[in-house]
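Participant: Going line by line, the protein sequences match chains A and B.
All the letters of the first sequence, read from the start, carry residue numbers 1 to 281 under my numbering.
All the letters of the second sequence, read from the start, carry residue numbers 282 to 588 under my numbering.
Below is the structure I would like to discuss, written out as C-alpha cells.
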Amino acid sequence: MSDPNSRSLNESIEARIDRLELPFNARGLDPYGVSKKHLAVFYKALGFMYRRYLTVKAHGQENIPARGRAMLVGNHSGGVALDGAMVVAASFFELEPPRLAQGMAEKFLNVMPFASEWTARCGQLTGLPEHAERLLEDDRLLMVFPEGAKGTAKLFKERYSLVDFGTGFVRLALKTKTPIIPFGFVGGADAIPTIANSTALGKLLGVPYIPITPWLLTLPRPARCEVHFGSPLIFAGTGAEDDEVIVRYVDEVKARIAELVERGREARHKRAPMSMLGGSR
Amino acid sequence: MKILIAGIAGGIAQKLALELVARGHHVVGIDVRPWHGAPSTVEVHRVDLRKRAAEDVFRKARPQAVVHMATVAQLGANIEDRARINLGGTQALFEHCKNYGVEQCVIVGRHTYYGAGADTALYHRETEPPQALGEFPELADLVAADLFAVAALWQKPQLTTSVLRICYSLGPLGQGTLASFLRGRAVPMVMGFDPLFQYLHEDDVIQALILSIEKKLRGVFNVAGPQPVPLSALAHEVGRHVLPMPEFMLRTMLGRFGLPKLAAGALNHIKYPVVVDASAFRAATGFVHKHDELSTARAFKQAFPPK
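Put into C-alpha cells, the structure is as follows:
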C-alpha cells in the first residue's frame, strides 16, 4: 500500500473529496447539506494551515477506522478551536480513504451570517445531541471536545491542562456502540497564546469571548503542532447506566487523553524547542 | 371505498381525487371554492366544512374514509380567518367523523409544524414538540390544528387517524408555500444563510396519501422523499437568481419590488432549515419516492420557466 501522506501530497483536493465515502448527489450535496464545492475551498485553506503555517504532525492515525462510526475525542489546546480544524485536516489528508470529521459547532456560529452557511456546508453541524446521535447512526466520523467552550478559553499557562469533561459523549458512545478514539493535541496555544479573554469584546461581536494575545489580535502565528491518536476505547453498556459508571468511563478517556497530550508535548519539544512565552514545554 | 376529501378544489386534492377514482374508489368532495371542470365521476359539494351543509354531506354520503386538506397555510391570509378555518374546520371534521361512522381519517399537515431556529436539529422525529413558535406566531393555528388532530388518536380510538406532516410539495401545479416563493424572477435570501429545503414532487405526495388510506395508517408520521438541498441550489435548479440581502433590508422589502410577501416570523424559515426524518412513514407504508430532488425542481422549472 502506498504511503497515505505522499499520496495526499500528490493528489488534488478535488480528487480526495471525490474519494470521501459520503452519499453525495449529482450536484455534490449530501443529505446533511455538505457540499463538495464548499469542502474544496475549506480543505484548501486547511491544507495550507496544516502543512505550511502550523506544520502539524499526526501520529497514530491508523487507529481511526477507515469506515464506520467512530468518535474522535480530544482536548482543546488553547486559543480558538484551531485544534478542531487541524483534526478535520488530519482526517482528510492523512487517512486512506480520506474521511470527513464532523465536529459539533458552537451554537453562536449558527446565528452569525456566513459562519452559519459555511459550517453547515462543511459538515460542522450545530452542537446538539440529536445531531451527534444521527451522525453516528449514519456511520460518520464524529469529533467531540468534552471540555467545551471552557477548553478553548484556556490561557497559555494552562495549555497542557484538561478542564472538566462533560459526560454526554460517553453515554452516546454506549448507546450507539461507537468506539472512542482519544487524541491529544499540542501546539494550539503557541499559535494563539491567550493571555486573557475579553468577554466584553466578545459580547460586542456576538461571541462568548475574544482571546487577547501579546499582539492583541486573535491571529495565529506559525507554530509546530502535534496530534497523537490513541487506540480505540470500547466500553460495554447501553448509555442508561448510573452516573458513577459513566464518570468512571469519562475519567478513563480523560486519563488516556492526558497521556497523549504528554506524548505530544515531548515529541514537540524534540521537534521545536522555541516559544515567545517561555519555551514549548 | 367511499372517500370524502375536504378541500377538494386544491390542485393536489383534485389530482388525488382523480387517482382514487382511477383505482376504483368513490370520491365525494367538499370545498367553498369551485372545482371548474370537475369530472362527473367525482361528487363535488360547494360547502363550508364548518357549516350545516357540510354535515349533510357526511350524513348522506356516509364516507368510510376522510382526507382533510381544507386548511389554509398561506401566510398572506388574515391570521384570525386562518385560525377559524384551520381550527374550526378540523374540529367540525372530527365531530362529523364521529357522528357518521367514518372509519378512517387522514389529516394532511405540514412539516413546518416543527419550526425553524438557530438551535433546532436537522431531521425532526415525530416525537419532537413544535419549536420557535414565539418567533413565528403566525404558525400557531396550524400547530394547534395538528395537535388537535393528534389528540383524536386517543380520544377517538374507534377512528383510525393518521396525522401526516408533509414536507413542501413542488411540481407542475406550482401550488403551495415553496412554489409561491420560487415563482418570482428572483429568490430572496438572507445574506450569509442558506438553509436546507426539503420537498416532494406533487405526484409523490399523492402516492403517499393513497398509501396512507390503503394501508389504514394510524399515528403521526413525517412524510418526505429525496434529500433536502440548500435554498441557493434549489433556486439555481429552477432557473432563478438568488437575491441575498442583509436581514434588516430584506425585512423591509418583502412584499414589495416583486418580492414574495412573507410574515416577519417566516424569515427564520429562510435562515434555518426545517427537515424531517420520514423513516417511520416509509417503514409503515413502503413508500418510495419516484422523483428525486433534481427532477422535481426541473418539473417545476418546465411548468414555470424563468421570466
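Backbone N, C-alpha and C fix where the C-beta goes; we use that ideal spot for every residue, glycine too.
Are the region 222-235 of chain A and the region 50-64 of chain A touching by the rule of at least three beta carbon pairs closer than 8 Å?
Facilitator: Output reads yes: the region 50-64 of chain A touches the region 222-235 of chain A.
Participant: Return yes when the Cβ of B:Lys283 is within less than 7 Å of the Cβ of B:Gln345, no when it is not.
Facilitator: The answer is yes: Cβ separation under 7 Å.
Participant: How big is the Cα-Cα spacing for B:Arg314 and A:Tyr43?
Facilitator: Each residue's alpha carbon lies about 55 Å from the other.
Participant: Listed in chain order, which residues of the region 110-127 of chain A have Cβ atoms closer than 8 Å to some Cβ of chain B?
Facilitator: From the region 110-127 of chain A, only Asn110, Val111, Met112, Pro113, Phe114, Ala115, Ser116, Glu117, Ala120, Arg121, Leu125, Thr126 have a Cβ closer than 8 Å to chain B.
Participant: Would B:Pro418 be called buried (16 or more neighbouring beta carbons within 10 Å of its own) or exposed?
Facilitator: When all chains shown are included, B:Pro418 counts as exposed.
Participant: When the Cα atoms are used, what is the spatial distance from B:Gly473 to B:Pro586?
Facilitator: Taking the straight line joining both Cα atoms gives about 27 Å.
Participant: Can you list, in chain order, the residues of its chain with a C-beta nearer than 8 Å to that of A:Arg19? Leave out the 5 residues immediately preceding and following it.
Facilitator: Pro97, Pro98.
Participant: Between A:Ile192 and A:Gly84, which are expected to be in contact by the criterion C-beta below 8 Å, what is the C-beta distance as a whole number of angstroms?
Facilitator: Not confirmed; about 13 Å, so no contact.
Participant: Which residue or residues does DSSP assign as beta-bridge partners of B:Thr442?
Facilitator: Per DSSP, B:Cys386.
Participant: What first and last residue would you give for the beta strand (DSSP E) that runs through B:Tyr449?
Facilitator: Unbroken beta strand (DSSP E) run through B:Tyr449: 449-451.
Participant: Between the alpha carbons of A:Thr176 and B:Gln456, how many angstroms are there, rounded?
Facilitator: One C-alpha to the other measures close to 41 Å.
Participant: With a cut-off of 7 Å, does the C-beta of B:Val350 fall near any C-beta of chain A?
Facilitator: Checking the displayed sequence, the identity of residue 350 of chain B turns out to be Met instead of Val. Judged by the 7 Å Cβ criterion, B:Met350 is not in contact with chain A.
Participant: Which of the three DSSP states is assigned to A:Ser77 in this structure?
Facilitator: Coil, per DSSP.
Participant: Report yes or no: is there a C-beta of chain B within less than 7 Å of the C-beta of A:Pro208?
Facilitator: No, A:Pro208 lies away from the interface with chain B (no Cβ there is under 7 Å from its Cβ).
Participant: In terms of residues, what are the limits of the alpha helix (DSSP H) holding B:His377?
Facilitator: 370-380 is the extent of the alpha helix (DSSP H) around B:His377.
Participant: For the structure I just gave you, are there three or more beta carbon pairs, one from the region 99-109 of chain A and one from the region 117-133 of chain A, closer than 8 Å?
Facilitator: Touching, per the Cβ criterion.
Participant: How would you write the range of the alpha helix (DSSP H) that A:His131 sits in, first residue to last?
Facilitator: Its alpha helix (DSSP H) spans residues 129-137.
Participant: So the candidates are A:Glu244, A:Ala40, A:Val247; which of them puts its Cα closest to the Cα of A:Ile13?
Facilitator: Among A:Glu244, A:Ala40, A:Val247, the Cα nearest to that of A:Ile13 is on A:Ala40.
Participant: Across the region 466-482 of chain B and the region 525-536 of chain B, are there enough close Cβ pairs to call them in contact, namely three or more that are closer than 8 Å?
Facilitator: Judged by Cβ distances under 8 Å, the region 466-482 of chain B makes contact with the region 525-536 of chain B, as three or more pairs qualify.
Participant: Report the three-state DSSP secondary structure of B:Ser513 (helix, strand or coil).
Facilitator: It is helical.
Participant: Quick check on DSSP: helix, strand or coil for A:Ala153?
Facilitator: It is coil, neither helix nor strand.
Participant: In whole angstroms, what separates the C-alpha of A:Ile246 from that of B:Asn380?
Facilitator: A:Ile246 and B:Asn380: Cα-Cα distance of roughly 55 Å.
Participant: For A:Thr152, count neighbouring Cβ atoms within 10 angstroms of its own Cβ and tell me buried if that reaches 16, exposed if not.
Facilitator: It counts as buried.
Participant: Could you confirm whether any beta carbon from chain A is found closer than 7 Å to the beta carbon of B:Phe474?
Facilitator: Cβ-Cβ to chain A under 7 Å: yes for B:Phe474.
Participant: Quick one: which chain A residues come within Cβ less than 9 Å of B:Pro511?
Facilitator: Chain A residues near B:Pro511: Leu29, Gly33, Ser35, Glu117, Ala120, Arg121.
Participant: If you run the structure through DSSP and keep just helix, strand and coil, what is B:Tyr480?
Facilitator: DSSP places B:Tyr480 in strand when its eight states are reduced to three.
Participant: Rounded to a whole number of angstroms, what is the C-alpha to C-alpha distance between B:Glu574 and B:Ala421?
Facilitator: Taking the straight line from one Cα to the other gives about 29 Å.
Participant: Can you tell me whether A:Leu233 is helix, strand or coil according to DSSP?
Facilitator: A:Leu233: strand per DSSP, three-state reduction.
Participant: According to the neighbour-count rule (16 or more other Cβ atoms, all chains shown, within 10 Å of its Cβ), is B:Thr533 buried or exposed?
Facilitator: Under this definition B:Thr533 is an exposed residue.
Participant: What residue does the beta strand (DSSP E) around B:Phe502 start on, and which one ends it?
Facilitator: 500-504 is the extent of the beta strand (DSSP E) around B:Phe502.
Participant: Taking the CB atoms as reference points, tell me whether B:Thr352 and B:Phe429 lie closer together than 7 Å.
Facilitator: No, Cβ-Cβ distance for B:Thr352 and B:Phe429 is not below 7 Å.
Participant: Quick one: is A:Lys107 near chain B, going by C-beta distance under 7 Å?
Facilitator: Output row for A:Lys107: interface = yes.
Participant: How long is the line joining the alpha carbons of B:Gln361 and A:Phe235, rounded to whole angstroms?
Facilitator: Per the sequence shown, residue 361 of chain B should be read as Glu rather than Gln. Near 56 Å, if we compare the C-alpha coordinates of A:Phe235 and B:Glu361.
Participant: By how many angstroms is the C-alpha of A:Trp215 removed from the C-alpha of A:Gly188?
Facilitator: Using only the alpha carbons, I get a separation of about 16 Å.
Participant: State the CB to CB distance for the pair A:Leu46 and A:Val88, rounded to an integer number of angstroms; the pair is presumed to be in contact (CB under 8 Å).
Facilitator: Contact flag correct, Cβ pair sits at about 7 Å.
Participant: Considering A:Ser198, what are the terminal residues of the beta strand (DSSP E) in which it resides?
Facilitator: Run containing A:Ser198: 196-198, per the beta strand (DSSP E) assignment.
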